Amino acid sequence: MSENAIMTGKYFLNGDEACAEGAIAAGCRFFAGYPITPQSEIAERMSQRMPQVNGTFIQMEDELSSIAAVLGGAWGGKRSMTATSGPGFSLMMENIGLGMMTETPCVIADIQRGSPSTGLPTAVGQGDMMQAQWGSHGDYGVIAYAPTSPQEMFDYTVKAFNKSEQYRMPVFVMADEKIGHMRERVEIREEDIDIYPRRRPNVSPEEFLPFKPEDDLVPQMASAGEGYRVHVTGLTHDYKGHPKLDVETQKELIGRLVDKVEKNKGDIVEIEAKGMDDAEVMIVSYGMAYRTAMGAYKMARERGMKVGIVRLITVWPFPEGQIRELSEGLNGIVVPEINLGQLVREVERVASPDAEVKLVPHAGGGLHDPEDILREVESFL
Amino acid sequence: MRKEIRFGGFGGQGIISAGNITGKAASIFADKDAVLIQSYGPEARGGACSADVVIEDDKIDYPQITVPHVLILMSQEAYEKYSDDIEEGGTMLLEKDLVDEGPPPDDVKQYRVPATSIAEDVGHKIVANVVMLGALSAITSIVEKDQMEESVLDSVPEGTEELNKTALERGFEYGKELAAE
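Right, dumping it as structure tokens:
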């Protein structure tokens, strides 16, 4: 294995390994985690690679402490991440909220498996999609990516780090067992990797206010031990980071945690649309389910069906403007997910009222049969 | 053209490694698209295990095997589990000494390779999987031998290159003879 931080070249990697390499290429130098299938290959790779790049790997006692350590790592000045799967993701929720409240840049990869509870440890699922947005209590904006291949595990882990620094918040990579474990070609090129640096203070320590937003609603960030004031709390706080428990402060702070994502959607949201020009039906999918949906889309086109396909690259914030616009004039929208109906609710919420929305569910443990998706497409034609 | 290959055997035979080498040969050294999905779980560590490889000239969307074109089965258990599931006109490679003679399904070409004993003959039975890969290249042209060799050399531990190269060569020769019969 290469000892370079950016392991340039072409490799036949699984998604978990590609995620770890993406993190390292993006400058991650602190990983804290707890083993859980099907993400253990991320932790394993990080445990081998972190010492080679002067980083730190810690296996913590559980997931609660893992995410706590990651928040600490970020405030200590390192690009930090953890990775887990459903049961661990549930355990992390309280401190994910702390990360949102304290505006701590970090990356959390959730390699989803069959759920709820311990469910299907070694098999695919997409049951944590709503949890990524609504899992911790309270209101806050969320950025979550849904990669569809090992290559995208690399690319979108890099991007997740950059967005986490740009918007000073935890960012999710919502993958699944199938992507985590399957091997495909991953090409790593140094020139493709842009780094969004930490938003360092541009004022003196005396003037610095660690929670005073800049024009894009995001504050600058200093690390502990550099002479700047670094006071963080989960309580509602003022620009100094000190608790201030009143209605006005709550309104401004929580409003901003939502708005810094909401008002920057133009920069954050990514979708990919194909075949929509003459489409009467649209397939909307994401992650592993999209790979099957794409197969179904090609079969449908070969059979002369007027169908288009849209992939949600960012699942959160939900691409509501794009889906609303694309749904105008359609007969129907087909939404395959490897759960019993999660993001389909978002599609229903924003789609044109004339377009009927149909879920193609899968309880998890395997992939859809492309024919199941085709049948629903056909029902609208 | 989509090609689906399933490797089956027991944990320790290098089944997943064979799938990895084949997928890598296609996707890194032959510039095709390839996906490997391996069996994952307790059964992969001693019991029956399998590795599914899909190879396509264009981009692969649906990554799972539907009906395999090629089966490479290296244990009786794998034979019993997987041998019925093969495309008409498909190709089946069996470990001659570990799989009992069975009638091939209709319209399936069946080849029997004594991979483990060839491997022992070249130095170590651990390279039986690579012998099979040599035979695979000779009997089907899904992955050419040169690219298979590059992938083998890129995948095996340092110091075992010659052993693996010889195993691949011997498997290829054996496969060529079988195909000529």
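Protein chains in written order, with our numbering: chain A, 1 to 381; chain B, 1001 to 1181. The C-beta atom is built at its ideal place from N, Cα and C for all residues, glycine as well. These numbers come from a predicted model, not from an experiment.
Run through the DSSP bridge pairs and tell me what residue i is partnered with.
i: Ala1135 of chain B; result: None; Ala1135 of chain B has no bridge partner.
i: Val357 of chain A; result: A:Ile333
i: Gln112 of chain A; result: A:Asp176
i: Ser285 of chain A; result: A:Arg311
i: Tyr145 of chain A; result: A:Val173, A:Thr314
Going along chain A in order, which residues have a C-beta closer than 9 angstroms to the C-beta of residue i?
i: Asn1020 of chain B; result: Phe12, Arg183
i: Ala1034 of chain B; result: Phe12, Arg183, Glu184, Arg185
i: Ile1037 of chain B; result: Lys178, His181, Met182, Arg183
Assuming residue i contacts residue j (C-beta within less than 8 angstroms), just tell me the rounded distance between them.
i: Ala25 of chain A; j: Ile42 of chain A; result: Incorrect: roughly 14 angstroms between the Cβ atoms, too far for contact.
i: Met100 of chain A; j: Leu257 of chain A; result: 6 angstroms
i: Val357 of chain A; j: Ala351 of chain A; result: 6 angstroms
i: Leu1093 of chain B; j: Val1113 of chain B; result: 6 angstroms
i: Val335 of chain A; j: Leu343 of chain A; result: 7 angstroms
i: Pro170 of chain A; j: Cys106 of chain A; result: 5 angstroms
i: Met93 of chain A; j: Ser136 of chain A; result: 5 angstroms
i: Glu1161 of chain B; j: Leu1168 of chain B; result: The Cβ separation is near 11 angstroms, so there is no contact.
i: Tyr34 of chain A; j: Met60 of chain A; result: 6 angstroms
i: Met46 of chain A; j: Ala69 of chain A; result: Actually they do not touch by this definition, with Cβ atoms about 13 angstroms apart.
i: Val1054 of chain B; j: Pro1063 of chain B; result: 6 angstroms
i: Ser1075 of chain B; j: Phe1010 of chain B; result: 5 angstroms
According to DSSP, is residue i part of a helix, a strand, or is it coil?
i: Ile271 of chain A; result: strand
i: Leu1168 of chain B; result: helix
i: Thr102 of chain A; result: coil
i: Ala1051 of chain B; result: strand
i: Leu245 of chain A; result: coil
i: Gly9 of chain A; result: strand
i: His237 of chain A; result: strand
i: Arg49 of chain A; result: helix
i: Pro170 of chain A; result: strand
i: Asp216 of chain A; result: coil
i: Glu348 of chain A; result: helix
i: Leu1153 of chain B; result: helix
i: Asn162 of chain A; result: helix
i: Gln59 of chain A; result: strand
i: Gly1009 of chain B; result: strand
i: Ala32 of chain A; result: strand
i: Pro370 of chain A; result: helix
i: Thr1022 of chain B; result: helix
i: Asp1097 of chain B; result: coil
i: Gln1110 of chain B; result: strand
i: Thr1160 of chain B; result: coil
i: Met1092 of chain B; result: strand
i: Ile1037 of chain B; result: strand
i: Glu83 of chain A; result: The sequence shown places Ala at residue 83 of chain A, not Glu. Ala83 of chain A: strand per DSSP, three-state reduction.
i: Asn54 of chain A; result: coil
i: Val1122 of chain B; result: helix
i: Leu209 of chain A; result: coil
i: Lys1129 of chain B; result: Looking at the sequence itself, residue 1129 of chain B is Asn, so the reference to Lys does not match. Residue state, collapsed to three classes: helix.
i: Pro121 of chain A; result: strand
What's the call for residue i, buried or exposed, on a 16-neighbour Cβ count within 10 Å?
i: Glu1001 of chain B; result: First, the amino acid is wrong: residue 1001 of chain B is Met here, not Glu. It is exposed - the Cβ of Met1001 of chain B has fewer than 16 other Cβ atoms within 10 Å.
i: Val203 of chain A; result: exposed
i: Val1067 of chain B; result: exposed
i: Leu340 of chain A; result: exposed
i: Asn54 of chain A; result: exposed
i: Gln52 of chain A; result: exposed
i: Met182 of chain A; result: buried
i: Glu75 of chain A; result: Before going further, note that residue 75 of chain A is Trp rather than Glu in the sequence given. Under this definition Trp75 of chain A is a buried residue.
i: Ile1142 of chain B; result: buried
i: Trp316 of chain A; result: buried
i: Glu1101 of chain B; result: exposed
i: Ile195 of chain A; result: exposed
i: Pro370 of chain A; result: buried
i: Leu381 of chain A; result: exposed
i: Gln250 of chain A; result: exposed
i: Glu184 of chain A; result: buried
i: Ser379 of chain A; result: exposed
Using a C-beta to C-beta distance shorter than 7 angstroms, which residues of chain B count as neighbours of residue i?
i: Arg291 of chain A; result: Asp1061, Tyr1062, Pro1063
i: Gly295 of chain A; result: Asp1061, Tyr1062
i: Leu367 of chain A; result: Gln1064
i: Lys263 of chain A; result: Those within 7 angstroms of Lys263 of chain A in chain B number zero; the least Cβ separation is about 36 angstroms.
i: Lys298 of chain A; result: Asp1061
Mind pulling the chain B residues with CB within less than 9 angstroms of residue i?
i: Thr84 of chain A; result: Residues of chain B passing the Cβ test: none, with the nearest at roughly 17 angstroms.
Please compile the residues from chain A whose C-beta is within a distance smaller than 8 angstroms of the C-beta of residue i.
i: Ile1028 of chain B; result: Lys10, Tyr11, Phe12, Arg185
Name, please, each residue of chain A whose Cβ falls closer than 7 angstroms to the Cβ of residue i.
i: Tyr1040 of chain B; result: Thr122, His181
i: Gly1023 of chain B; result: Phe12, Arg183
Please list, in chain order, the chain B residues whose beta carbon lies closer than 8 angstroms to that of residue i.
i: Pro370 of chain A; result: Tyr1062
i: Lys274 of chain A; result: Per Cβ cutoff of 8 angstroms: no residues; Lys274 of chain A is ~11 angstroms from chain B at best.
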